[in-house]
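One structure below.
In the numbering used here, the protein residues as written are 41 to 252.
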């Protein structure tokens with residue numbers, strides 16, 4: 041398995057202030073490069089994957105690839121604890137984990153601030169390329185196989201599970217996994233403290249890629 045990491049621009053960080061859609065465009069450029077160099081890289085399939093905000097981007101990449109008629113470049117999508125609803129400043133009852141798990145490592149107030157950095161003028165509040173939770177059935181139909189991995193004690197848990205259900209209803213091959221007893225991204229962020237849980241996530245991701 042070959043891993044290609046994209047250093048994408050974001051609404052804040054060492055690369056400066058580059059709100060949406062800069063990061064998504066960078067990831068799509070990385071996908072194009074990887075697709076164009078499959079032979080040199082010795083790969084036959086491409087799985088896009090990311091954690092948290094990267095989970096957002098991995099899901100948005102599939103949506104954009106469909107919109108741009110480039111779905112042939114993506115064989116599968118594996119999103120970990122995706123940050124996709126933009127509902128954190130004004131919690132919505134259909135996502136109860138926003139209430140149940142607020143301040144378990146990650147707070148809704150902090151996520152709301154990050155959302156403003158990503159889309160400062162709120163011009164994309166309902167844009168699924170910015171916030172995939174708002175994709176409709178037509179936009180989801182025909183997407184490649186997906187995995188949605190969530191953490192039991194994460195405020196973002198239920199938006200990930202909701203997206204899983206949306207994909208399933210749209211006929212997309214998809215499964216979800218819940219990493220019990222863990223907060224946001226703990227299975228990848230705290231790999232030193234949770235080596236067995238980290239290893240299980242790596243096995244699942246590789247197994248998904250091998251199954252395509």
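Every residue, glycine too, gets a C-beta built ideally from N, C-alpha and C.
Being a predicted model, the structure only gives us computed values, none of them experimental.
Determine contact between the stretch 215-228 and the stretch 161-169, defined as no fewer than three beta-carbon pairs at a distance below 8 Å. no
Identify every run of the alpha helix (DSSP H) within the stretch 110-141, keeping only runs that are complete inside it and at least 4 residues long; order them along the chain. 137-140
Going along the chain, which residues of its own chain have a beta-carbon closer than 8 Å to the beta-carbon of residue 187, five neighbours each way excluded? Taking the chain shown and counting its residues from 1, the one referred to as residue 187 is at position 147. Counting only Cβ-Cβ distances below 8 Å, and skipping sequence neighbours, we find 116, 117, 118, 119, 214, 215, 216, 217, 244, 245 and 248.
If contacts are defined as beta-carbon pairs under 8 Å, then residue 203 and residue 184 qualify, I think. What distance do you get, rounded to the angstrom? The sequence position of residue 203 within the chain shown is 163, counting from 1. The sequence position of residue 184 within the chain shown is 144, counting from 1. Going by Cβ atoms, the distance from residue 203 to residue 184 rounds to 15 Å, so no, they are not a contact pair.
For residue 174, the three-state DSSP class (helix, strand or coil): Taking the first residue of the chain shown as 1, we reach residue 174 at position 134. Here residue 174 sits in helix by DSSP.
Give me the residue from 236, 175, 223 and 151 with the minimum Cα distance to residue 99. Your numbering for residue 99 matches position 59 in the chain shown. Among 236, 175, 223 and 151, the Cα nearest to that of residue 99 belongs to 175.
With DSSP collapsed to three states, give me the class of residue 305. Because the chain here runs from 41 to 252, residue 305 falls outside it and cannot be looked at.
As a quick exercise: from 129, 210, 136 and 97, pick the residue whose alpha carbon is nearest that of residue 149. Reading the chain shown from its first residue, position 109 is the one you call residue 149. Nearest of 129, 210, 136 and 97 to residue 149, Cα basis: 129.
Out of 102, 80 and 83, point me to the one whose CA is closest to residue 65's CA. Mapped onto the chain shown, residue 65 falls at position 25. The shortest CA-to-CA distance from residue 65 to any of 102, 80 and 83 is the one to 102.
Spatial neighbours of residue 75 within its chain, please: C-beta separation below 6 Å, excluding the five flanking residues on both sides. Position 35 of the chain shown holds residue 75. Excluding residues within five positions, the ones whose Cβ falls inside 6 Å are 113.
N- and C-terminal bounds of the beta strand (DSSP E) containing residue 231: Within the chain shown, residue 231 is the residue found at index 191, counting from 1. Unbroken run through residue 231: none, as it is neither H nor E.
Per DSSP, cross-strand counterpart(s) of residue 186: Locating residue 186 in the chain shown gives position 146, counting from the first residue. Per DSSP, 117 and 214.
Can you check which of these residues, 50, 209 and 110, is closest to residue 156 by C-alpha distance? Position 116 of the chain shown, counting from 1, holds the residue named residue 156. Residue 50 is the option with its Cα nearest to residue 156.
List the whole-angstrom C-beta distance separating residue 224 from residue 111, where the pair is believed to meet the contact cut-off of C-beta under 8 Å. As a working note, residue 224 is residue 184 in the chain shown. As a working note, residue 111 is residue 71 in the chain shown. About 30 Å separates the two Cβ atoms, so there is no contact after all.
Cβ contact (3+ pairs, closer than 8 Å) linking the stretch 91-98 and the stretch 132-140: no
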